[in-house]
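Asks: Encoded as structure tokens, here's the structure I'll be asking about.
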Amino acid sequence: MEINLIISGGFVRHLGISLPSFYYELASVLLNLAFALSNTSNSLVSSMGSYEIGTEAERRAGDGKLSSAADTLCRASGIFEFLSKEIIPKWEKHHREGIAHLRASRPPELSREATGGLAQLMLADAERLAIRRLLSRSAMDRHTNPGAGLPKSHPSPALLAKLELNVHQLYSSAKDAFKLASGASEIASSLRNYVSEGRQVALGRGYKWLALEAGEQASQNGEAIGWLGLAREAMKAVCSGSLLAVRNGSLKNDWARKKGKVEQELEEIDKFLKAYEQLNRTVTFEPIPPEATLLTRVPGGRAALSMKTYTMPSPLIKDFGSYTNPSVLDWADSDDEDLPSSSREPEQAYC
Numbered sequence: 001m002e003i004n005l006i007i008s009g010g011f012v013r014h015l016g017i018s019l020p021s022f023y024y025e026l027a028s029v030l031l032n033l034a035f036a037l038s039n040t041s042n043s044l045v046s047s048m049g050s051y052e053i054g055t056e057a058e059r060r061a062g063d064g065k066l067s068s069a070a071d072t073l074c075r076a077s078g079i080f081e082f083l084s085k086e087i088i089p090k091w092e093k094h095h096r097e098g099i100a101h102l103r104a105s106r107p108p109e110l111s112r113e114a115t116g117g118l119a120q121l122m123l124a125d126a127e128r129l130a131i132r133r134l135l136s137r138s139a140m141d142r143h144t145n146p147g148a149g150l151p152k153s154h155p156s157p158a159l160l161a162k163l164e165l166n167v168h169q170l171y172s173s174a175k176d177a178f179k180l181a182s183g184a185s186e187i188a189s190s191l192r193n194y195v196s197e198g199r200q201v202a203l204g205r206g207y208k209w210l211a212l213e214a215g216e217q218a219s220q221n222g223e224a225i226g227w228l229g230l231a232r233e234a235m236k237a238v239c240s241g242s243l244l245a246v247r248n249g250s251l252k253n254d255w256a257r258k259k260g261k262v263e264q265e266l267e268e269i270d271k272f273l274k275a276y277e278q279l280n281r282t283v284t285f286e287p288i289p290p291e292a293t294l295l296t297r298v299p300g301g302r303a304a305l306s307m308k309t310y311t312m313p314s315p316l317i318k319d320f321g322s323y324t325n326p327s328v329l330d331w332a333d334s335d336d337e338d339l340p341s342s343s344r345e346p347e348q349a350y351c
């Protein structure tokens, strides 16, 4: 599993924006801070490669880096949530020309819905890193001693299923939020595709782990075959559909690499499916539940991480000495409505 740069080519394409106000400047700074945290996490993960197949020391070091990258994404998620719940609503309330004008003129990435969707997206990416870290020990053991079945160090398939299903829900929330965002048509297709692909892959993995829970832990081969069928359908929808269509330009190699990872998932699903079908034909002879029946048994998701609540830093108070105009300080503490208009000018910058 790899977290890829989601802001490649820009979140949106739009011309220069002119919205002189305090809230626009504040929102832009926080937006760029959150994007920077996301890209920092991505760069860290991209530099690691397949660290799970190295030595034990390399694996432990890689786990530490994954934890740091996931923590960074949780911070980014908290900033996007702060924008969506606190800053942008205040901006809409105090905008001089009304909320309709603001929604028509601001960048679409500075809407409540878009930033709320980005908060869910960052958290989903962080959860994916947490799952990868959880699997690192068993991945190393499987690479060292390949064979049928799961190694003893493997986490509970039931737990992994719930974690993946939670990732699916987070991506679904992000996808829905982007659809509701004002100027949604301007949101870059690379971002929309990233969310759709992540959502579908997480669903397929969730079904796969439910299959292994049934087959490996409960010896219910018929149910395992049914879950693997659902997992295969979910992965095939990603691999053969428009989600992973060939792109032109600098993103082409990235998409090809992601398609390769999905195909690896399909190979693993097919391997288990073949083994369970063979066992069921010759030994257990269990009925395979219908898809509709299985879908009623899908458990709720379970979160591994949570977004880190963002708090605005305290204002910097500095003594400017002789360079401070006393009248400015007097104005700042005054409620006098009769002050000259030139003295009240800074107030308009906060609207």
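In terms of full-length UniProt numbering, the sequence shown is residues 1 to 351.
Every residue gets a Cβ at the ideal spot worked out from N, C-alpha and C, and that includes glycine.
1) Between the beta-carbon of I170 and the beta-carbon of E109, is there less than 9 Å?
2) Report yes if the C-beta distance between L165 and R302 is below 9 Å; otherwise report no.
3) Closer than 8 Å is the cut-off here; do at least three beta carbon pairs connect the region 262-275 with the region 26-42?
4) Where in the region 67-125 do unbroken runs of the alpha helix (DSSP H), each at least 4 residues long, occur, reported from the N-terminal end onward?
5) In this structure, how does DSSP classify I288 when only helix, strand and coil are distinguished?
6) Tell me the rounded alpha-carbon separation between L244 and E197.
7) Rounding to the nearest angstrom, what Cα-Cα distance links A57 and W91 in this structure?
8) Under three-state DSSP, which class holds I317?
9) Does the pairing of the region 174-194 with the region 145-165 give three or more beta-carbon distances under 8 Å?
10) So, helix, strand or coil for L222, using DSSP?
11) Only counting the same chain, and skipping five residues up and downstream in sequence, which positions put a Cβ closer than 6 Å to that of S77?
12) Does the region 277-294 touch the region 223-234, meaning 3 or more C-beta pairs lie closer than 8 Å?
13) Under 9 Å, do E213 and A139 count as touching if we go by C-beta distance?
14) Look at the alpha carbon of E81 and the alpha carbon of R281, and state the distance between them as a whole number of angstroms.
15) Here's the rule I'm using: 16 or more other beta-carbon atoms within 10 Å means buried, otherwise exposed. How should E265 be labelled?
16) Taking all protein chains shown into account, do 16 or more other C-beta atoms lie within 10 angstroms of the C-beta of S314, making it buried, or fewer, making it exposed?
17) Specify whether the region 41-49 and the region 89-107 touch according to this definition: at least 3 beta carbon pairs, one from each stretch, less than 8 Å apart.
18) Measuring only the C-alpha atoms, how far is Q220 from L279?
19) Roughly how many angstroms lie between the CA atoms of P346 and D176, to the nearest whole one?
20) Does DSSP put S306 in a helix, in a strand, or in coil?
21) Can you give me the Cβ contacts of V167 inside the same chain, cut-off strictly under 7 Å, excluding the 5 residues immediately before and after it?
22) Rounded to whole angstroms, what's the CA-CA distance from P290 to L31? Just pull it up for me.
23) Excluding the 5 residues preceding and the 5 following residue 357 in the sequence, name in chain order all residues of the same chain whose CB lies nearer than 7 Å to its CB.
24) Answer with buried or exposed for I317, where buried requires no fewer than 16 other C-beta atoms within 10 angstroms of its C-beta.
25) So for P157, helix, strand or coil by DSSP?
26) Quick check: the Cα distance between E25 and R112, rounded to an integer number of angstroms?
Replies: Working from what's here:
1) Correcting the residue identity first, residue 170 is Leu in this sequence and not Ile. The criterion of a C-beta distance shorter than 9 Å is not satisfied by L170 and E109.
2) yes
3) no
4) 88-94 and 99-105
5) coil
6) At L244, the pLDDT of 49 sits below 50, so the modelled position is not reliable and the matter cannot be decided from this model.
7) 49 Å
8) coil
9) Below 8 Å, too few C-beta pairs join the region 174-194 and the region 145-165 to call them touching: fewer than three.
10) A quick correction: the sequence has Gly, not Leu, at residue 222. Three-state DSSP puts G222 in a helix.
11) Setting aside the 5 residues that flank it on each side, S77 is surrounded in the same chain by A119, M122, L123 and M307, each with a C-beta closer than 6 Å to its C-beta; the list follows chain order.
12) yes
13) No, the pair does not count as a contact, with Cβ atoms beyond the cut-off.
14) Each residue's Cα considered, the two are about 52 Å apart.
15) buried
16) Exposed: under 16 other Cβ atoms inside 10 Å.
17) no
18) 11 Å
19) Low local confidence applies: a pLDDT of 34 at P346 is under 50, so the model's placement there is unreliable, and no value is given.
20) coil
21) A124, E127, R128 and A202
22) 46 Å
23) Outside the displayed range of the chain (1 to 351) lies residue 357, so it cannot be described from this structure.
24) exposed
25) helix
26) 16 Å
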